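Just below is one structure, and these are the notes that go with it.
Numbering (the working numbering), first residue to last: 27 to 265.
Now the structure itself:
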């Protein structure tokens, strides 16, 4: 009898906990590159690109037209360390999208140093698991202009841990045709084989500054709708 009572208590405690958690259609961590290859102007440009994309009518339509009518988003910059620029925020329409955009523009740069991609992926997992939000899908949206990993755990090890938690990793490789050293000749292939993974994982490439906001917008629409784009890479190792 005591064991039975304990099981009943645990059941109701779990039910109360679930009711206390906010429900959204998607938990989305935006992991934006702030390593040494990204100067202050580029950092601001990235923030503006995400801010504009979040307020785009196509993105808002994808959010409000989804099953839950909302998503939860946090914007994080990564380098040797990671820094939360915008804490978890529920986006459910133009007002909350504008609040996200305003919040993204305000904080000073807090991520510095070289690449630590493995650490950044694990931080994305930690943020999802500790946010007190329930969603049927969780996605880490990783963007960057290189594949170097100078600090922290190896990319493969961190990626495996994220995927084992049921979290999808999508990617936005940022190409720099004018600077092959930073962009890397095979950056898209590297991101396809070493970064993305999980259910319906994909990447959308930003060919350069002029197309960055457009690439972010398209990626957000696809992520929110849970659609894999035709003609874009899905990692063969996805589970």
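No residue lacks a Cβ here, since even glycine has one placed at the ideal position from N, Cα and C. None of the values given here were measured: they were computed from a predicted structure.
Cβ pair residue i, residue j closer than 8 Å
i           : j           : result
residue 135 : residue 198 : no
residue 104 : residue 60  : yes
residue 133 : residue 81  : no
residue 107 : residue 58  : no
residue 218 : residue 175 : no
residue 170 : residue 144 : no
Which listed residue (the options) has its alpha carbon closest to that of residue i
i           : options            : result
residue 242 : 73, 189, 90        : 73
residue 54  : 238, 234, 96       : 96
residue 239 : 200, 146, 192, 224 : 200
residue 50  : 161, 126, 237      : 161
residue 254 : 109, 110, 195      : 195
residue 129 : 147, 142, 110      : 110
residue 191 : 159, 155, 170      : 155
Between the CA atoms of residue j and residue i - distance to the nearest angstrom
i           : j           : result
residue 139 : residue 165 : 25 Å
residue 168 : residue 131 : 19 Å
residue 89  : residue 226 : 18 Å
residue 40  : residue 48  : Note that residue 40 scores a pLDDT of 49, beneath 50, so its modelled location is shaky; the value from the coordinates is reported in the next line. Roughly 14 Å separates the two Cα atoms.
residue 209 : residue 87  : Since pLDDT at residue 209 reaches only 47, below the 50 mark, its modelled position is unreliable, and no value is offered.
Integer Cβ distance of residue i from residue j, believed to fall under 8 Å
i           : j           : result
residue 85  : residue 79  : 6 Å
residue 181 : residue 220 : 6 Å
residue 92  : residue 250 : 6 Å
residue 215 : residue 230 : Residue 215 to residue 230, Cβ: 15 Å. No contact.
**Report entry** Entirely enclosed beta strand (DSSP E) segments - the stretch 36 to 99, minimum 3 residues
**Finding:** Listed in chain order, they are 53 to 59.
**Report entry** Segments assigned beta strand (DSSP E), at least 3 residues, entirely inside the stretch 168 to 240
**Finding:** Counting only runs of 3 or more, we get 194 to 199.
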